[in-house]
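Here the structure comes first, spelled out in structure tokens, and everything after it is commentary.
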Amino acid sequence: MLLDTQIKFLKGVGEKRAEQLRALGVTNINALFHFYPRAYEDWSSPIHIAGAEWQDQCCIKATVAGAVKKHKAKSGIMVFEVDVFDSTASLHILIFNNKFAAAKLVPGKELLFFGQVTINNGKRQMLTPSIAEPGTKQRIRPIYRRSGAITSNYIEKCVETAINQFGAGIEDPIPYDVRAEYNLMSLKEAVQEIHFPSSMERMYDARRRFIFEELFELQLGLKIRKCSNKVSTSIVLGTDYTGEFVSMLPFKPTGAQARCISEAAGDFGSGFAMNRLLQGDVGSGKTMVAAALMYSMARNGYQSAMMAPTEILARQHYETLVSFFGDTGVKVIALTGSNTAAEKREIYDEIKSGRADVIVGTHALITEGLEFHSLGLAITDEQHRFGVRQRAALQEKSAGVHVLVMSATPIPRTLAWSIYGDLDISIIDELPKGRIPIETYKIDSSIRPRAWNYIKKHLDEGRQGYIVCPLVDEGELDGVLSAKEYYDLIVSDAFKDYRVGLLHGQMKPAEKSSVMEKFQLGEIQLLVSTVVIEVGVDVPNAVIMLIENAERFGLSQLHQLRGRVGRGSHKSTCILLSDNLSEQTTARLSVMTSTTDGFLIAQRDLELRGTGDFYGTRQHGFQPVYVNDMIGNPAILEKAAAAADRLLDSDYSLDAYPLLKSEVDALFSRIETAS
Ligand code: ADP
Ligand code: MG
517 MLLDTQIKFL
527 KGVGEKRAEQ
537 LRALGVTNIN
547 ALFHFYPRAY
557 EDWSSPIHIA
567 GAEWQDQCCI
577 KATVAGAVKK
587 HKAKSGIMVF
597 EVDVFDSTAS
607 LHILIFNNKF
617 AAAKLVPGKE
627 LLFFGQVTIN
637 NGKRQMLTPS
647 IAEPGTKQRI
657 RPIYRRSGAI
667 TSNYIEKCVE
677 TAINQFGAGI
687 EDPIPYDVRA
697 EYNLMSLKEA
707 VQEIHFPSSM
717 ERMYDARRRF
727 IFEELFELQL
737 GLKIRKCSNK
747 VSTSIVLGTD
757 YTGEFVSMLP
767 FKPTGAQARC
777 ISEAAGDFGS
787 GFAMNRLLQG
797 DVGSGKTMVA
807 AALMYSMARN
817 GYQSAMMAPT
827 EILARQHYET
837 LVSFFGDTGV
847 KVIALTGSNT
857 AAEKREIYDE
867 IKSGRADVIV
877 GTHALITEGL
887 EFHSLGLAIT
897 DEQHRFGVRQ
907 RAALQEKSAG
917 VHVLVMSATP
927 IPRTLAWSIY
937 GDLDISIIDE
947 LPKGRIPIET
957 YKIDSSIRPR
967 AWNYIKKHLD
977 EGRQGYIVCP
987 LVDEGELDGV
997 LSAKEYYDLI
1007 VSDAFKDYRV
1017 GLLHGQMKPA
1027 EKSSVMEKFQ
1037 LGEIQLLVST
1047 VVIEVGVDVP
1057 NAVIMLIENA
1067 ERFGLSQLHQ
1077 LRGRVGRGSH
1087 KSTCILLSDN
1097 LSEQTTARLS
1107 VMTSTTDGFL
1117 IAQRDLELRG
1127 TGDFYGTRQH
1137 GFQPVYVNDM
1147 IGNPAILEKA
1157 AAAADRLLDS
1167 DYSLDAYPLL
1177 KSEVDALFSR
1187 IETAS
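Quick note: the sequence shown uses my numbering, first residue 517, plus one each step.
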């Protein structure tokens, strides 16, 4: 039995409470059991008052010494004060505004107090402790995420009732053999231990079981889906021309690039449509891999489409591909939102007639009117900028089309699996040779003039540079300049002898491309910009970047930004400027100065921010409860994957495991509605 009884049928929960619980995602008994505590308070073994040290979070069992004194503070808050004591010392209790809590403090009564101990004038005190009678609550208590009228105490009571009312009916979706092999608690035990642990060790065991369960079901679902997604296609390439393309290049592909090319080229001859993620850190050379594949398509008489998230990027890809394909006869065409209606008609015609082999563009590629002649390969660059539906729309332009999505988001292979498990994955885990590592420094505004001089020195040597400002409206914040204000400031003063350009998101597409073109051609030496340059821009002659108010950028964003320099054979420098001295900022920026490894940065980012919005997961609509644990413990994912493989080998459709099957289906319908 799936415990899908609606929450309103739980004893003591009415319509109104049920509504509030539903808002927390607690719709039925099963969801309530899986609403894990976010923390625990150990009330099981009270300590002596004399043993409590400053800032200890602890439980104390003590007797109320006398009547509660109350008075009104200047701020209007009601303050209740009383001393409590045990055999070792006394403790001062302070309660604000809560007369219900104060009413529990009956003189002579022994109670449990849980809270943080501080010391004031040499005397221990506890501010607004939780209070309970000895006996009933004397255990490790769960603390739940609360919301509005629903308190942690209320949820605790609901879970307790639910275990009494429904606990006996808990059946385990994980088959017994799997549990035995991986030493996992039964679901019934785990529900009890995660909410009301008999010890913290048992709680961790329960948690491990839930992580395993989540990953196991995810892996099962992904594997089943991947097999049934395998569609046969009539787009089969007779000859692989990627080698011919590579031999025309001015450089040698890295080993990783060569491997990724051959993995994809293998799919083209297989008779099954490719569904592949190409992942590679910024600057790893994904474009060239895509180009090799598109070249082979063209040589076999098929068209390819490559969709980029911004006009700048689409234009740049167009230029790159034109120069890659040279005079091979492979015709590249660009289509973006800024083409006029007349241009569009002509471009549509080129595409429909099959005269264009490779079509590069923005979202304009997925407009209704556009028809392809023989689309064989659909590529999405910087996939995290697109929604699932936009990618699907490109795919639907042709039946059986091969699909490649490219991403620079460095995520660990194991996590990539679980997010993109329905895709095959190729990873470029090697940068082209000869790259000189980017040097990164952190400075404050007192030496900004020196940073400017350093930039000028590079411009004088014929190099180019960026100054990046955070996204703010003009005058929005003290001391934070918008890109435009910054530009105005330096163009007539510090950099008046240089050719400076401005690029920001509010400019018209045509203005943006014209600025980018000038920068690419070297007509602009220094580009003042917002994060619009973040994605994919490639100007190898740009070797210096100054990032203003660096504390306002996410770590992954800083990494992407920094990837705009260090792309050529010159030594590059990135300067992070911030006057923010907070511990958080210092920690984050020192990650940037100590490594250029995108994978490591992503991992540190995750640690510093906690689970939250790990980008790439939220947009996919799937947010595992325990992403953190998963990243910290990849072994458990490997185990879950192995267990899933084994089970599917013996029973591909999970017919013998109806409960497991329905949980997997439920999980996937949640993922699908969310994305
Ligand atoms: P990204 O993976 O960030 O999209 P790009 O495809 O823009 O990276 O490549 C970055 C730069 O490296 C480009 O200038 C490209 O021409 C160059 N490049 C790519 N592969 C190689 C290689 N094997 N050897 C030398 N340079 C390369
Ligand atoms: Mg790129």
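For each residue, glycine too, the CB sits at the ideal point set by N, CA and C. Treat the numbers as computed from the prediction; the structure is a model and nothing was measured.
Relative to the non-hydrogen atoms of the ligand ADP, the Cβ of I944 comes within a distance shorter than 8 Å of at least one. Nearest to K577 by alpha-carbon distance, out of A568, N614, T925, M922, is A568. Contact between P650 and L628 holds: CB atoms are separated by about 6 Å, below the 8 Å threshold. Pairing V747 with I777 gives a Cβ-Cβ distance that is not under 9 Å. Within 10 angstroms of the beta-carbon of W559 lie 16 or more other beta-carbons, which makes it buried.
Not a single heavy atom of the ligand ADP lies less than 8 Å from the C-beta of K1087. The Cβ atoms of Y982 and A1058 lie closer than 9 Å to each other. DSSP places C575 in the uninterrupted beta strand (DSSP E) bounded by 573-580. One alpha carbon belongs to S744, the other to S1169, and they sit about 11 Å apart. A Cβ-Cβ separation of about 5 Å places V921 in contact with L793 under the 8 Å criterion. Per DSSP, C985 is not a residue of any beta strand (DSSP E), being assigned neither H nor E. F601 sits exposed, since fewer than 16 C-beta atoms from the chains shown fall within 10 Å of its C-beta. Residue state for E1039 is assigned as coil, using DSSP reduced to three classes. In the three-state reduction of the DSSP assignment, E827 falls in the helix class, which pools H, G and I. Distance between P766 and F840, taken at the CA atoms: about 9 Å. Under the three-state reduction of DSSP output, G853 falls in the coil class, being neither helix nor strand.
Judged by beta-carbon spacing, H918 lies within the 9 Å limit of D783, meaning their Cβ atoms are closer than that value. In this structure, the CA atom of G592 is about 22 Å from the CA atom of A583.
Contact annotation: V1047 and V984 have beta-carbon atoms nearer than 9 Å.
In this chain, the alpha helix (DSSP H) harbouring A722 covers 716-745.
Per DSSP, reduced to three states, the secondary structure at S1098 is coil, with no helix or strand assignment. Along the length of the stretch 945-1026, whole beta strand (DSSP E) runs at least 3 residues long occupy 955-959, 980-984, 1016-1019, reported in chain order. V529 is not a Cβ neighbour of D572, given a cutoff of 9 Å. The continuous stretches of beta strand (DSSP E) do not include Y692, which lies in the alpha helix (DSSP H) extending over residues 692-698. Going by beta carbons, S812 and L753 fall inside the 9 Å limit. According to DSSP, Q632 shares a beta bridge with Q573.
Placement of the Cβ of D797 at a distance of less than 8 Å from at least one heavy atom of the ligand ADP is found.
Contact annotation: the stretch 1007-1018 does not touch the stretch 1065-1085, with fewer than three C-beta pairs closer than 8 Å.
Considered as a whole, the stretch 597-647 harbours 606-612, 626-636, 639-643 as its complete beta strand (DSSP E) runs of no fewer than 3 residues, in chain order.
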